[in-house]
Amino acid sequence: MVTDLPPAEGSGQVLAIMNDHPRHPRRPDLLLSDLTSELLWPSLFRAGTLAFRPGRLLIAFVTLVLIGLIGSLSRIWSEAPSFADRVGQVVGGVFRSIGASLDGLNLARPWDLPLGEAGAAGFSLVLSAPVVLLREYPVSFFLLGLPMLGVALVGWGAISRSASIEFALDVPESDSTSLARALRSLAALLQAFLGPILIAGLVALVMGSIAWILFSLPVVDLLGAVLFGLGVIVALLLVTFLSLWLASLPILPAAVMCEGPDVFDAVQRGLAYVVRKPLRYALYLLVLVAVGAVLTAIVSLLLYAADRFATGASVMFLSPEYAEKLSDLTQVHSTLLTRILGFWRSMLQIALGAFVFSYVGSASAVLYLLMRKLVDGQTPADMPKT
Numbered sequence: 002m003v004t005d006l007p008p009a010e011g012s013g014q015v016l017a018i019m020n021d022h023p024r025h026p027r028r029p030d031l032l033l034s035d036l037t038s039e040l041l042w043p044s045l046f047r048a049g050t051l052a053f054r055p056g057r058l059l060i061a062f063v064t065l066v067l068i069g070l071i072g073s074l075s076r077i078w079s080e081a082p083s084f085a086d087r088v089g090q091v092v093g094g095v096f097r098s099i100g101a102s103l104d105g106l107n108l109a110r111p112w113d114l115p116l117g118e119a120g121a122a123g124f125s126l127v128l129s130a131p132v133v134l135l136r137e138y139p140v141s142f143f144l145l146g147l148p149m150l151g152v153a154l155v156g157w158g159a160i161s162r163s164a165s166i167e168f169a170l171d172v173p174e175s176d177s178t179s180l181a182r183a184l185r186s187l188a189a190l191l192q193a194f195l196g197p198i199l200i201a202g203l204v205a206l207v208m209g210s211i212a213w214i215l216f217s218l219p220v221v222d223l224l225g226a227v228l229f230g231l232g233v234i235v236a237l238l239l240v241t242f243l244s245l246w247l248a249s250l251p252i253l254p255a256a257v258m259c260e261g262p263d264v265f266d267a268v269q270r271g272l273a274y275v276v277r278k279p280l281r282y283a284l285y286l287l288v289l290v291a292v293g294a295v296l297t298a299i300v301s302l303l304l305y306a307a308d309r310f311a312t313g314a315s316v317m318f319l320s321p322e323y324a325e326k327l328s329d330l331t332q333v334h335s336t337l338l339t340r341i342l343g344f345w346r347s348m349l350q351i352a353l354g355a356f357v358f359s360y361v362g363s364a365s366a367v368l369y370l371l372m373r374k375l376v377d378g379q380t381p382a383d384m385p386k387t
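Sequential numbering from 2 applies to the sequence shown in this note's numbering.
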């Protein structure tokens, strides 16, 4: 005999709950975002994503093309290689020196970092490289060097501004707005970059003039020897300031673009972030450099593979003579055909440089905003919008 049994106690409530949420799976109690939301260093990896935005890549590409065009104007009054080519050689040599100094980096021995070699290469970039260019290209250095630097700073500033807005608010800013703001801030950007160098040059000129007066006269040369100690103290203070300024150089354009055209505030913030959190700043910078190196290698490999694929597909049915011309990367036999092919291959090289430039500007913005939050306690969303 079958009888209906009463439902167990509480089963009706369970069925009701299941009916209310029939198709919604239970969310996990702990997400990865919960573990990383209060951490700052994971945000460093967003620099790569920000750098790949088409608008920033276009700004970087146009910036590099304009720099090359301005630098090539030196051929009008000189038969020597263009000023742009020489700038690329000098700056590239300095960066190769930095890379060579970091080649033996051992993360298991963080106290054995080659900071001396890297610092010497950095000083060479800021102080020695301009002297070399001034000695070899005295006319082009002044006529073309300053416009090239201005174009580079406008491009860097526009990319940093655009990346900082997207990083802080998750809302992209229009490229025209970023460029307009960078153009308005050009004077401040030039002051942030050239001001300390001009101060160092002025101090060196004053010290040299005083030394010439004192050591040229037989009576007061002993006074010059006594005052030499004061000159050493002044030089020590100046070198310390230049070292801190050089260390903060990667974030100075972002500081100017994020805080406004007050160059003194931007330089002060950059120096303060380096002084108050030097280890964190150095570690963040190393992470960004490592990520940038990996991404640059990947982009370079993709561009090379694209060139090889296009070349291989194009010479598939050609005669050996034309196949050799199309495949000639060295362009030993310069003809109109090889020059046109070389032009398109140079566009690939500029595209790689554009990514590097876009990454530098984006990484600059990310690093500045994270140090701003770490030192000043200001979140990226607190950044001035105008």
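For every residue, glycine included, the Cβ atom is placed at its ideal position computed from N, Cα and C.
query: So isoleucine 68 is in the alpha helix (DSSP H); what residue range does that whole segment cover?
result: First-last of the alpha helix (DSSP H) with isoleucine 68: 55 to 72.
Distance between aspartate 86 and aspartate 176 (C-alpha atoms, nearest Å): The C-alpha of aspartate 86 is placed about 29 Å away from the C-alpha of aspartate 176.
- prompt: Candidates Leu191, Ala364 and Ala226: which alpha carbon is nearest methionine 208's?
  reply: When each option's Cα is compared against that of methionine 208, the closest is Ala226.
task: Answer yes if the stretch 152 to 172 comes into contact with the stretch 362 to 382, meaning at least three C-beta pairs across the two stretches below 8 Å, and no otherwise.
output: The stretch 362 to 382 vs the stretch 152 to 172: in contact.
- prompt: Looking at the structure shown, is serine 320 part of a helix, part of a strand, or coil, going by DSSP?
  reply: Coil, per DSSP.
message: Quick check on serine 347: does DSSP put it in helix, strand or coil?
response: Serine 347 sits in a helix when the DSSP states are folded into three classes.
message: Could you compute how far the alpha carbon of leucine 224 sits from the alpha carbon of phenylalanine 84?
response: Using only the alpha carbons, I get a separation of about 45 Å.
field: DSSP-derived helix/strand/coil call for alanine 81
entry: It is coil, neither helix nor strand.
message: When you compare the CB positions of phenylalanine 358 and leucine 147, do they come within less than 8 Å of one another, or not?
response: No, the Cβ-Cβ distance between phenylalanine 358 and leucine 147 is not below 8 Å.
- prompt: Does the beta-carbon distance from leucine 231 to serine 301 come in below 8 Å?
  reply: Contact check for leucine 231 against serine 301 fails: the beta carbons are separated by 8 Å or more.
Reduced DSSP secondary structure (H/G/I, E/B, other) of glutamate 174: Looking at glutamate 174 - three-state DSSP - the assignment turns out to be coil, as it is neither helix nor strand.
message: Ignoring anything shorter than 4 residues, give me the alpha helix (DSSP H) runs that lie fully in the stretch 154 to 220, in order along the chain.
response: The alpha helix (DSSP H) runs of length 4 or more contained entirely in the stretch 154 to 220 are, from start to end of the chain, 176 to 185 and 187 to 217.
- prompt: Three or more beta-carbon pairs under 8 Å between the stretch 256 to 263 and the stretch 340 to 355, yes or no?
  reply: Verdict: no, contact absent.
task: Please classify aspartate 35: is it buried, with 16 or more other beta-carbons within 10 angstroms of its beta-carbon, or exposed?
output: Its pLDDT being 45, under 50, aspartate 35 is placed unreliably by the model, and the measurement read from it follows with that caveat. Aspartate 35 comes out exposed.
field: Buried versus exposed call for phenylalanine 265 [16 or more other C-beta atoms within 10 Å across all chains shown]
entry: Its Cβ having fewer than 16 others within 10 Å, phenylalanine 265 is exposed.
message: For a quick check, are the C-beta atoms of leucine 45 and valine 240 less than 8 Å apart?
response: No, they are not a contact pair.
query: Taking C-beta to C-beta, are methionine 149 and isoleucine 252 nearer than 8 Å?
result: With respect to the 8 Å criterion, methionine 149 and isoleucine 252 are not classified as neighbours on the basis of their beta carbons.
query: Which residue from Leu319, Leu67, Ala205 and Ile198 puts its Cα closest to that of leucine 245?
result: When only C-alpha atoms are compared, the closest one is Ile198.
message: If distances are taken between C-alpha atoms only, which option among Ala52, Pro43, Trp42 and Leu41 comes closest to glycine 293?
response: Of Ala52, Pro43, Trp42 and Leu41, the residue nearest in Cα terms is Ala52.
message: If you measure between the beta carbons of valine 92 and alanine 130, is that distance less than 8 Å?
response: Yes.
Inter-residue spacing [alpha-carbon to alpha-carbon] between glutamate 137 and isoleucine 77: Straight through space, the alpha carbons of isoleucine 77 and glutamate 137 are spaced by roughly 16 Å.
- prompt: Given that a residue counts as buried once 16 or more other Cβ atoms are within 10 Å of its Cβ, and exposed if not, what is isoleucine 390?
  reply: Look at the range of the chain in this structure, 2 to 387, and you will see that residue 390 is not part of it.
Rounded separation between glutamine 379 and isoleucine 200 - CA only: Taken atom to atom, the span from the alpha-carbon of glutamine 379 to that of isoleucine 200 is near 31 Å.
query: I think leucine 190 touches proline 254, with their Cβ atoms under 8 Å apart; what is that distance to the nearest whole Å?
result: For a cut-off of 8 Å, the C-beta gap from leucine 190 to proline 254 is around 6 Å, short enough to register as a contact.
Anticipated Cβ contact below 8 Å, alanine 248 with valine 275, distance rounded: With a Cβ gap of about 5 Å, alanine 248 and valine 275 count as contacting.
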